[in-house]
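Only one structure is covered here, and it is reproduced in the block below.
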Amino acid sequence: MATLIKPENLVYQRPEAFTEFPTHYCPGCTHGVAHRLIAEVLDEMKIIDRTIGVAPVGCSVFAYNYFDCDFVEAAHGRAPAMATGIKRVLPDRVVFTYQGDGDLASIGMAEIMHAAGRGENITVIFINNAIYGMTSGQMAPTSLPGMKTTSSPLGRDVEIHGYPLRMSEILANLDGAGYIARRSLHDPKNIRMAKKAIRIAFETQVRGLGFAMVELLSTCPTNWGITPLESLTWLEEHMIPAYPLGDYKVAPGVAEIK
Amino acid sequence: MPRELLKGNVAIAEAAIRAGLEAYFGYPITPQTEILEHFARRMPELGRAFVQAESEVAAINMVYGAACTGVRVMSTSSSPGMSLMMEGLSYIMGTEIPVVLVNVMRGGPGLGNIAPSQGDYNQAVHGGGHGDYNPIVLAPSTVQEAIDMTVLSFDLAERYRTACIVIADGSIGQMMEPAELPPMQPVKRKDWEWATNGAIGRERRILSSIYIEPAEEEVANLRMFKRWQEIQKNEVRYKEYHLEDADFVVVGFGTAGRVALSAVRTARQQGIKVGLLRPITVNPFPYDVLDELSKRAQAFLVVEMNMGQMLNDVQLAVKGRVPVEFYGRPGGVVPFPDEILSEIQRVATTDLQVVSDPRHAWYERMVEYLK
Ligand SMILES: Cc1ncc(C[n+]2csc(CCOP(=O)(O)OP(=O)(O)O)c2C)c(N)n1
Chain A
1 MATLIKPENL VYQRPEAFTE FPTHYCPGCT HGVAHRLIAE VLDEMKIIDR
51 TIGVAPVGCS VFAYNYFDCD FVEAAHGRAP AMATGIKRVL PDRVVFTYQG
101 DGDLASIGMA EIMHAAGRGE NITVIFINNA IYGMTSGQMA PTSLPGMKTT
151 SSPLGRDVEI HGYPLRMSEI LANLDGAGYI ARRSLHDPKN IRMAKKAIRI
201 AFETQVRGLG FAMVELLSTC PTNWGITPLE SLTWLEEHMI PAYPLGDYKV
251 APGVAEIK
Chain B
259 MPRELLKGNV AIAEAAIRAG LEAYFGYPIT PQTEILEHFA RRMPELGRAF
309 VQAESEVAAI NMVYGAACTG VRVMSTSSSP GMSLMMEGLS YIMGTEIPVV
359 LVNVMRGGPG LGNIAPSQGD YNQAVHGGGH GDYNPIVLAP STVQEAIDMT
409 VLSFDLAERY RTACIVIADG SIGQMMEPAE LPPMQPVKRK DWEWATNGAI
459 GRERRILSSI YIEPAEEEVA NLRMFKRWQE IQKNEVRYKE YHLEDADFVV
509 VGFGTAGRVA LSAVRTARQQ GIKVGLLRPI TVNPFPYDVL DELSKRAQAF
559 LVVEMNMGQM LNDVQLAVKG RVPVEFYGRP GGVVPFPDEI LSEIQRVATT
609 DLQVVSDPRH AWYERMVEYL K
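Residue numbers (my numbering), protein chains in the order written: chain A, 1 to 258; chain B, 259 to 629.
Below, the structure written as structure tokens:
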């Protein structure tokens, strides 16, 4: 198959950092896009062989199947602590966690805050899809006010359930954070910008500039109960106003990479 | 190495360092804090990793991460902190990687107090986390044993890819005794065939406790059990005192065993044919030696600083052949040798029945005693 395509005509292929494992994600879910961006960055930086990934509990629990590097599987929310343990004994390795909003912003709140506070030299890819995907659609700490989920069937009532957490804004306040950015995966332009941010987040680590996190606004058509296309529009119209895109922390050393 | 006057907690920490510990993650809690404080000073000085974690939940998961890379790593805590580590312990056991933990137990349940206790026997031995798993559990009764068992723990943990837990009580951690530390071993990074330390020049590796196919998880459980059987075969350790001709057998671990030994010696002077079995490994438990003893002893007396936890394991070994009596001081109270001596005298002079739960009669005696 590959021989049919001449190298000069090749415009798209599987990143080398990817295995050939077929996707388990639902149609239209942006986890796959996020995975690919990470793989492309690992290829470009030529660091795949010294990268160790930490998978979360959530839909991306099987993230380790896709990346051609060493991987460990954390308990729900504990990925930043596990990454800390790895990075502290192997400081010359590249360590990243990949976490959903339930994992990072709910059960793992202490671990993410303190990893950032310590300036732990790791990279965190944070998938904010405003819902608990894996357990089939419960309210997440990032669910929007009024958003219907299986555990907020009448819509998230802030009087009862409180307000969404804006993790990029929160973590950007910590001195240990080197780079914190929020991007979106809803269209090609934003996907390209997301990739740039992911590159900077890994460069931050490689240069020892502290904690780096990229929050990626993502879709969950299955549990949002709308089509993949509608999901992209819903993300753009509802999530971006609640979670403004941008760089929230760019430490002086990181600014030089940009 | 010369013998020095050492505090138990400090001795445990220094022993681990000399055994080649590369990383420590912990959280302060009395009565084990001196362990963390010793590491806080020594580890950076040696260029090794030390992190005071935000909680014991984080500490055990840092341990989990570091252990996946194949280095020698440990955490230590006391009872309430140990409870928080149970999630991580279950994952560590499910991932089959070596980790060393020390629990300097205190009175409970709940916040309890900071006095010596053995209330976490069941948590350590019979599983405080979810799922089926069997860690190796060692119980020191002196500062020297705490040192030796800490060193041994690293070897056992690596040999069997398992967690090894030292359960000491607050008095072992806090007391000072003459003891000898081992010589400093150089840090040797072994190239384990399972370690996730970066796939440079080799196939990638995955460490996980997930077996999404029940049939595969079943096989994993059976594999872990097979390893546990190996451990049971090879690693049972205990100490026997005056058991050659004993009609009565006292069983106690850690500090309770140590206090019981004084009582046994006095009882011997009084002509009572009594001996002591002190399990060193409470997991694997010395079932076989107790089984043998129960064929010639008239009765057993289990002494613990809890409400009767190891008691069930002794009963399992004795199989109802002869009475198994219980004496316990829960909640952070340490028994005096005199109390145990009167219990030995009672057991030696009373016509006892085999009962399924000797704690009911013990409770009645306790209520009387405390009046
Ligand atoms: C300790 C613990 N509590 C609860 C669960 C159940 N659980 C699995 S995934 C998940 C939520 C994941 O949601 P999120 O992090 O948003 O990731 P997503 O699935 O949306 O990608 C929960 C609650 C668990 N596995 N462990």
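Glycine included, each C-beta is placed from N, C-alpha and C at the ideal position.
Buried or exposed: which applies to MET213/A, given that a residue is buried once 16 or more other Cβ atoms fall within 10 Å of its Cβ?
-> Start at 1 with the first residue of the first sequence, and residue 213/A comes out as number 213. MET213/A should be labelled buried.
What's the C-alpha gap between LEU69/A and ARG36/A?
-> Here residue 69/A refers to the residue found at position 69 when the first sequence is read from its first residue. Here residue 36/A refers to the residue found at position 36 when the first sequence is read from its first residue. The sequence given here places Cys at residue 69/A; Leu does not occur at that position. Looking at the two C-alpha atoms, the distance is approximately 14 Å.
Take PRO289/B and list the residues in its own chain whose beta-carbon comes closer than 7 Å to its own, dropping the five residues that flank it on each side.
-> Locating residue 289/B in the second sequence gives position 31, where the first residue counts as 1. Answer for PRO289/B: SER336, VAL362, ARG364, ILE372, GLY428, GLY431 and GLN432, listed in chain order.
Any heavy atom of ligand 1 closer than 6 Å to the CB of GLY100/A?
-> Taking the first sequence and counting its residues from 1, one reaches residue 100/A at position 100. Yes, ligand 1 has a heavy atom inside 6 Å of this Cβ.
Is PRO436/B helix, strand or coil when you go by DSSP?
-> Taking the first residue of the second sequence as 1, we reach residue 436/B at position 178. Of the three classes helix, strand and coil, the one that applies to PRO436/B here is strand, per DSSP.
Listed by chain order, chain B residues near MET82/A by CB distance under 8 Å = Against the first sequence, residue 82/A aligns to sequence position 82. Residues of chain B passing the Cβ test: ASN319, MET320, TYR322, GLY323 and CYS326.
Can you tell me which of the three DSSP states TYR322/B falls into?
-> For the purposes of this step, residue 322/B is taken as the residue at position 64 of the second sequence. Note: TYR322/B maps to helix in three-state DSSP.
Contact under 7 Å by Cβ, PRO588/B with ASN564/B | Position 330 of the second sequence, counting from 1, holds the residue named residue 588/B. Position 306 of the second sequence, counting from 1, holds the residue named residue 564/B. Cβ distance < 7 Å, so PRO588/B and ASN564/B count as in contact.
Could you have a look at GLY119/A and say whether DSSP puts it in helix, strand or coil?
-> As a position in the first sequence, residue 119/A is number 119, starting the count at 1. In the structure shown, GLY119/A sits in coil (DSSP, three-state: anything other than H, G, I, E or B).
Cut-off 8 Å between Cβ atoms - residues of its own chain near PRO367/B, not counting five sequence neighbours on either side = Residue 367/B sits at position 109 when you count from the first residue of the second sequence. Once the five neighbours on either side are set aside, the close Cβ partners of PRO367/B are GLY377.
With respect to 6 Å, is the separation between the Cβ of CYS29/A and the closest non-hydrogen atom of ligand 1 below this value?
-> In the first sequence, the residue the question calls residue 29/A occupies position 29. Incorrect: CYS29/A has no Cβ contact closer than 6 Å to ligand 1.
Is it buried or exposed for HIS384/B, if we count other Cβ within 10 angstroms and need 16 for buried?
-> Within the second sequence, the letter at position 126 stands for residue 384/B. Counting Cβ neighbours within 10 Å, HIS384/B comes out exposed, since fewer than 16 surround it.
Got a sec: does ligand 1 put a non-hydrogen atom nearer than 6 Å to the Cβ of TYR132/A?
-> Here residue 132/A refers to the residue found at position 132 of the first sequence. Yes - ligand 1 has a heavy atom lying nearer than 6 Å to the Cβ of TYR132/A.
Chain A partners of ILE458/B, CB-CB under 7 Å?
-> The residue given as residue 458/B occupies position 200 in the second sequence. By Cβ distance, chain A contributes ASP49 and ARG50.
Give me whichever residues DSSP pairs with GLY586/B in a beta bridge.
-> Counted from its first residue, the second sequence places residue 586/B at position 328. According to DSSP, which records beta bridges pairwise, GLY586/B is partnered with GLU562/B.
Going by the beta-carbon positions, is the gap between THR513/B and LEU599/B smaller than 7 Å?
-> In the second sequence, the residue the question calls residue 513/B occupies position 255. In the second sequence, the residue the question calls residue 599/B occupies position 341. In this structure, LEU599/B does not lie closer than 7 Å to THR513/B by Cβ.
Just tell me which of GLU622/B, GLY533/B, GLU562/B and LEU279/B has its CA closest to the CA of ALA606/B.
-> Residue mapping note: residue 606/B aligns to position 348 of the second sequence, counting from 1. For ALA606/B, the nearest C-alpha among the options comes from GLY533/B.
CA nearest to the CA of ALA325/B, picked from LEU263/B, LEU294/B, THR420/B and ALA397/B = Here residue 325/B refers to the residue found at position 67 of the second sequence. Of LEU263/B, LEU294/B, THR420/B and ALA397/B, the residue nearest in Cα terms is THR420/B.
Within chain A, partners of GLU471/B - CB distance below 8 Å = Along the second sequence, one-based indexing puts residue 471/B at 213. Chain A residues near GLU471/B: none, gap ~13 Å exceeds 8 Å.
Just by C-beta distance, which residues in the segment 82-111 of chain A are closer than 7 Å to chain B?
-> MET82, ALA83, THR84, GLY85, ILE86, ARG88, VAL89, LEU90, ARG93, ALA110 and GLU111
Burial state of ILE38/A (16 or more Cβ within 10 Å) | Here residue 38/A refers to the residue found at position 38 of the first sequence. Buried, because 16 or more other Cβ atoms sit within 10 Å of the Cβ of ILE38/A.
At which residue ranges does the segment 333-370 of chain B contain complete alpha helix (DSSP H) runs of 4 or more residues, listed in the order of the chain?
-> 337-353
Determine the closest residue to VAL33/A out of TYR243/A, ALA242/A and MET193/A, with distance taken between C-alpha atoms.
-> The residue given as residue 33/A occupies position 33 in the first sequence. Nearest C-alpha to VAL33/A: MET193/A.
Can you tell me whether SER614/B is buried or exposed, with buried defined as 16 or more other CB within 10 angstroms of its CB?
-> As a position in the second sequence, residue 614/B is number 356, starting the count at 1. Per the 10 Å Cβ criterion, exposed.
Would a C-beta distance cut-off of 7 Å place VAL348/B and HIS388/B closer than the cut-off?
-> Numbered from 1 along the second sequence, position 90 holds the residue referred to as residue 348/B. Numbered from 1 along the second sequence, position 130 holds the residue referred to as residue 388/B. In the sequence as displayed, the identity of residue 348/B is Ser instead of Val. In contact: SER348/B and HIS388/B (Cβ atoms closer than 7 Å).
Taking Cβ positions, are ALA557/B and PRO593/B nearer each other than 7 Å?
-> Sequence index remark: in the second sequence, residue 557/B carries index 299 (1-based). Sequence index remark: in the second sequence, residue 593/B carries index 335 (1-based). No, they are not a contact pair.
Run down chain A in chain order and give the residues with a C-beta less than 8 Å from the C-beta of GLY305/B.
-> As a working mapping, residue 305/B is identified with position 47 in the second sequence. The contacting residues do not exist; GLY305/B stays about 11 Å from chain A at best.
Inter-residue Cα distance where the pair is TYR418/B and LEU559/B = For the purposes of this step, residue 418/B is identified with residue 160 of the second sequence, where counting begins at 1. For the purposes of this step, residue 559/B is identified with residue 301 of the second sequence, where counting begins at 1. Using only the alpha carbons, I get a separation of about 33 Å.
Per-residue contacts from GLY346/B into chain A (C-beta, under 8 Å) = Within the second sequence, the letter at position 88 stands for residue 346/B. Result: ALA75 and ARG78.
DSSP-derived helix/strand/coil call for GLU16/A | Along the first sequence, read from residue 1 onward, the residue named residue 16/A stands at position 16. In the structure shown, GLU16/A sits in coil (DSSP, three-state: anything other than H, G, I, E or B).
Which of helix, strand or coil does DSSP assign to ARG462/B?
-> Taking the first residue of the second sequence as position 1, residue 462/B is located at position 204. Reduced to three states, the DSSP call for ARG462/B is coil.
Cross-chain neighbours of CYS69/A in chain B, by beta carbon under 7 Å = Locating residue 69/A in the first sequence gives position 69, counting from the first residue. By Cβ distance, chain B contributes ALA457 and ARG462.
Could you tell me the distance, in whole angstroms, from the CA atom of PRO221/A to the CA atom of PRO188/A?
-> Along the first sequence, read from residue 1 onward, the residue named residue 221/A stands at position 221. Along the first sequence, read from residue 1 onward, the residue named residue 188/A stands at position 188. PRO221/A and PRO188/A: Cα-Cα distance of roughly 18 Å.
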